[in-house]
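J.:
In the working numbering, the protein residues as written are 60 to 530.
1. Between the beta-carbon of residue 110 and the beta-carbon of residue 242, is there less than 9 Å?
2. How big is the Cα-Cα spacing for residue 302 and residue 272?
3. For residue 229, which of helix, strand or coil comes out of DSSP?
4. Starting from residue 417 and walking both ways along the alpha helix (DSSP H), at which residues does that stretch end?
5. Name the residue from 251, 173 and 131 whose alpha carbon lies nearest to the alpha carbon of residue 343.
6. In whole angstroms, what separates the C-alpha of residue 148 from that of residue 501?
7. Closest to residue 405 by CA distance: which of 89, 78 and 238 is it?
8. Going along the chain, which unbroken runs of the alpha helix (DSSP H) with 4 or more residues stay wholly within the stretch 233 to 273?
9. Grab me the residues of residue 267's own chain with a C-beta within less than 7 Å of its C-beta, minus the 5 sequence neighbours each way, in chain order.
10. Find out if the Cβ-Cβ distance for the pair residue 382, residue 529 is shorter than 9 Å.
11. Is it true that the stretch 461 to 472 meets the stretch 218 to 233, where meeting means three or more beta-carbon pairs spaced less than 8 Å apart?
12. So what's residue 179 in DSSP terms, helix, strand or just coil?
13. Rounded to the nearest angstrom, how far is the Cβ of residue 218 from that of residue 227, given a contact under 8 Å?
14. Jot down the residue ranges of each uninterrupted alpha helix (DSSP H) in the stretch 363 to 410, minimum 4 residues, whole runs only, in chain order.
15. Go through the stretch 60 to 134 residue by residue and report every complete run of the alpha helix (DSSP H) that reaches 4 residues or more, in order.
16. Under 6 Å Cβ to Cβ from residue 333, same chain only, skipping five residues before and after it: list those, please.
17. Figure out for me which residue from 353, 470 and 322 has the closest Cα to the Cα of residue 339.
18. Could you tell me the boundaries of the alpha helix (DSSP H) in which residue 308 lies?
19. Given a cut-off of 9 Å on the beta-carbon distance, is the pair residue 429 and residue 196 in contact?
20. How would you call residue 84, buried or exposed, if buried means at least 16 neighbouring beta carbons within 10 angstroms?
21. Under three-state DSSP, which class holds residue 480?
22. Quick one: measure Cβ to Cβ for residue 192 and residue 76, integer angstroms, because I've assumed they're closer than 8 Å.
23. Starting from residue 157 and walking both ways along the beta strand (DSSP E), at which residues does that stretch end?
24. Roughly how many angstroms separate the alpha carbons of residue 98 and residue 135, rounded to a whole number?
25. For residue 422 versus residue 221, is the C-beta spacing smaller than 9 Å?
26. Which residues share a DSSP beta bridge with residue 201?
27. Assign residue 482 to buried or exposed, taking buried as 16 or more other Cβ atoms, counted over all protein chains shown, within 10 Å of its Cβ.
28. Buried or exposed: where does residue 376 fall if 16 or more other Cβ atoms within 10 Å of its Cβ makes it buried?
29. Quick one: Cα of residue 313 to Cα of residue 350, how far?
30. Tell me the start and end of each unbroken alpha helix (DSSP H) in the stretch 308 to 351 that is at least 4 residues and wholly inside, in chain order.
31. Could you check whether the stretch 122 to 129 touches the stretch 99 to 109, counting it as contact only if at least three pairs of C-beta atoms, one from each stretch, sit closer than 8 Å?
32. So what's residue 428 in DSSP terms, helix, strand or just coil?
33. Assuming residue 174 is part of the alpha helix (DSSP H), what are its boundary residues?
34. Check whether the Cβ atoms of residue 307 and residue 291 lie closer than 9 Å to each other.
35. Who are the Cβ neighbours of residue 142 in its own chain at under 7 Å, not counting the five residues just before and after it?
36. Note down, in chain order, each residue of its chain lying with its Cβ closer than 7 Å to the Cβ of residue 619, except the 5 sequence neighbours on either side.
Shown next, in the form of C-alpha cells:
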C-alpha cells in the first residue's frame with residue numbers, strides 16, 4: 060500500500076507534524092538521515108498508519124502520486140542537498156515542500172530549479188513550535204496554485220482552527236510563504252521586546268517582584284492584550300527555581316539569542332524602503348544583551364540620571380499607563396510588519412490577501428492574539444489599507460492610549476530605563492503623523508556636499524530636481 064503523504068526529517072517539528080497528519084486520517088511515509096530514528100519512531104507508533112523507509116528511493120516508492128513530500132530539516136545547504144537527491148527519483152507533478160525557516164530568496168531560486176523538472180516546490184512557513192506542530196500550527200504556503208490545491212486537504216486538516224476557520228491560506232507564488240513567515244518572526248521579535256520592556260518598567264519603576272508582575276500580566280491577558288505571549292509570560296514569572304526556591308526568571312542570564320529571521324526582516328525592509336523601527340529596535344536589543352561583559356564593565360563606569368523621581372507611588376495609574384503604552388506600541392509594530400508584507404507582495408507580484416494573513420495568525424502561531432481580530436476587521440473595511448494607523452478603529456485606540464504611552468516613555472527616559480521598542484514605536488507614530496519632517500535640511504546638506512539635487516515644495520509633486528551653489 061502507498062502512503063498519502065511523506066515526511067523527511069524526524070526532529071521535533073517533523074515528528075510532531077507527522078503525528079498530526081496521521082491523526083487526521085492520512086497515511087504517512089517517513090524518512091530520516093539517521094535510520095535509527097526511523098526505527099524508533101515506528102516502534103513508538105505501532106498500529107498507526109506510518110511506513111518507515113531506509114532510503115530516499117524506498118521513501119519515494121512508498122508514496123501515492125502526485126507525491127506530497129514535506130521536508131522538516133535545517134535551512135540552508137541541507138535543503139539543497141535533499142532536493143538534489145530527490146530530483147532524479149521523482150516524477151512530473153510531484154510536490155516538494157520546505158517547511159523550515161528558509162530565506163525566501165533561496166526558496167525563489169529552488170522553485171525555479173525544481174519547476175524546470177516539471178515538479179512543484181512549495182516554501183511553507185510553519186509557526187507554533189512543538190505543540191503547534193503536534194496539535195495545529197499556523198501554515199503559510201507559497202507555490203503554484205496547482206501545488207496548493209494538491210496539499211490543501213492535508214494542510215487544512217492539520218492547521219490550528221480559530222472561529223474564522225483553519226489557520227492556513229495560500230500566500231502566493233514561489234517565496235511568498237517564507238516571506239510571510241519571515242515577517243511573522245520579525246513581528247514576534249517586536250512583540251517579545253515590548254513585553255520585556257513592560258516587565259522592566261514594572262520591575263524597576265514600581266519595584267514589583269516576579270509574582271506581582273505575573274499577576275499584572277494575568278490580568279492583562281483578559282483584555283485587549285490577550286495573547287499567547289502575554290499568557291506564557293505570566294506563567295514564566297510564577298515558575299520557581301528548584302535549587303533556590305526563588306523565581307526562576309531572576310536566575311536566567313540576560314543574553315537573548317536569535318536564529319536570523321529577525322535580521323532578514325530588517326535587511327529586506329531596508330531593501331524595500333519600509334521603516335520597521337520597532338522590529339529593528341528589538342533586534343538591536345538582543346544584540347546589546349549579548350554584550351554582557353561590556354555592559355558589566357560599563358555599569359561600573361557610566362552614571363545614569365541623578366536626583367530624578369525614581370520609583371513611583373502611583374501604582375494603579377502606573378500599571379494602567381504601561382498597559383496602554385504596550386498596546387499602542389504593539390499597534391505600531393504590527394503596522395510596520397503588515398506594511399512590509401504589502402511591499403513584498405507588490406515587489407514580487409504575490410497579490411497577498413492581508414485579511415487572510417491576519418486570519419491565519421489568530422491561532423496556532425506564536426503571535427496569536429485577540430488583537431488580530433481587529434486587524435482582520437481593518438482589512439475588511441479597506442482591503443488596500445496602506446497602514447494600520449489609518450484605520451478608524453486603530454486611530455481611536457491610539458488617541459486613547461497616547462497620553463499613557465508618552466508618560467511611560469518619558470518616565471523610562473527620565474529614570475534611565477532603556478525602552479528601545481516603546482520609544483521606536485512612538486517615534487514611528489510621531490513621524491508618520493507629521494506632515495513636514497526635518498529631512499528638508501537633510502536634502503539641502505546632501506545637495507551642498509554632493510550635488511544630489513532637491514525638489515522645491517512650492518512647485519507640486521512633480522517638481523523638477525534642482526541644484527544650488529550654496530557657497
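All C-beta atoms in this analysis are idealised placements derived from N, C-alpha and C, irrespective of residue type, glycine included. Model, not experiment: these values are computed from the prediction.
T.: Judging by the given coordinates:
1. no
2. 22 Å
3. coil
4. 413 to 419
5. 251
6. 59 Å
7. 238
8. 235 to 259
9. 261
10. no
11. no
12. strand
13. 4 Å
14. 374 to 407
15. 71 to 82, 94 to 103 and 115 to 120
16. 398, 399 and 402
17. 322
18. Counting along the chain, residue 308 falls outside any alpha helix (DSSP H), and DSSP gives it neither H nor E.
19. no
20. exposed
21. helix
22. 5 Å
23. 154 to 157
24. 26 Å
25. yes
26. 182 and 231
27. buried
28. exposed
29. 10 Å
30. 320 to 330 and 336 to 349
31. no
32. strand
33. 163 to 174
34. no
35. 155, 169 and 173
36. Absent from the model: residue 619. The displayed extent of the chain is 60 to 530, so no value can be given.
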